[in-house]
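Participant: Residues 1 to 180 in UniProt numbering are what the sequence shown lists, from first letter to last.
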Amino acid sequence: MAPRKTSSPKVQPRRAAPADAAAPQMNLAESPLAWLARRTGKDGRALVDPTQLIAGERLRADFTRAQLTPRITSRWSEVSGAGTPEAFTDMVLAAKLRVARAMTAVGPELSGVLLDVCCFLKGLEAVERERLWPARTAKVVLGLALDRLAVHYGLSGSTQGRARAPVRSWHAAPETPAQG
């Protein structure tokens, strides 16, 4: 028997993803951080540098994976409540843990601004209005928070501290106070 010919269009085979495809997929058009990264200040530098942008978008990706985004509509597919625990995958639980660790590393003073701008996608003016801050304060506080977040993620470009640490050993003689 001869193979039957069909008039359906050819299906293109899937190609392997390039090596740089491991980076998280993000829509930079909806991100206030990306907007700030495209804008420059009076000194000609971007308002948010690439390291800060990557750190903020990484937090947003973990926040989304952790399913912490508030729901807009009701979910009728399953009943949830005190007696019925929702089934969370390991990925969701791991993402929640990463978000919690990032918020702990940043500290309670700066974590709210990160959540508002990076995760809830609020603009700087809205953050200043809600918190009753003076104009242009949110930009400074966000920069500090993103710097601390980048250090937590290991993205910081510079290190601080002494050039060498003192040599210590577990078998060093214990220091005993002089008895008089």
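Virtual Cβ for every residue (Gly too), placed ideally from N, Cα, C.
1) Rounded to the nearest angstrom, what separates Gln52 and Arg131 at their Cα positions?
2) What would DSSP say about Ala34, mapped onto helix, strand or coil?
3) Output yes or no for whether 8 Å exceeds the beta carbon distance between Lys139 and Leu121.
4) Whole angstroms is fine: what's the gap from residue 183's alpha carbon to Cys119's?
5) What ranges does the alpha helix (DSSP H) occupy inside the UniProt domain "DUF6456" (25-154), keeping only unbroken runs of at least 4 residues that lie completely in it?
6) Short check: CB of Gly41 to CB of Leu146, under 8 Å?
7) Tell me which same chain residues have a C-beta within less than 6 Å of the C-beta of Ser111, skipping the five on either side of it?
8) Use the C-beta contact count for Asp90: other C-beta atoms within 10 angstroms, 16 or more gives buried, fewer gives exposed.
9) Drop a sphere of 10 angstroms on the beta-carbon of Pro32, count the other beta-carbons inside from all chains shown, and report buried for 16 or more, exposed for fewer.
10) Of the residues Asp43, Leu47, Gly143 and Arg60, which one's Cα is nearest the Cα of Glu30?
11) On a Cα-Cα basis, can you pick out the residue from Leu47, Ala95 and Tyr153 that is closest to Ala66?
12) Can you tell me which of Asp43, Arg39, Ala150 and Val99 puts its alpha carbon nearest to the alpha carbon of Val68?
Facilitator: In this structure, then:
1) 22 Å
2) helix
3) no
4) The chain is shown from 1 up to 180; residue 183 falls before or after that span and cannot be answered.
5) 32-38, 50-65, 90-106, 108-114, 124-131 and 137-153
6) no
7) Met103
8) exposed
9) buried
10) Arg60
11) Ala95
12) Going by the sequence as given, residue 68 is Leu instead of Val. Leu68 has its Cα closest to that of Val99, out of Asp43, Arg39, Ala150 and Val99.
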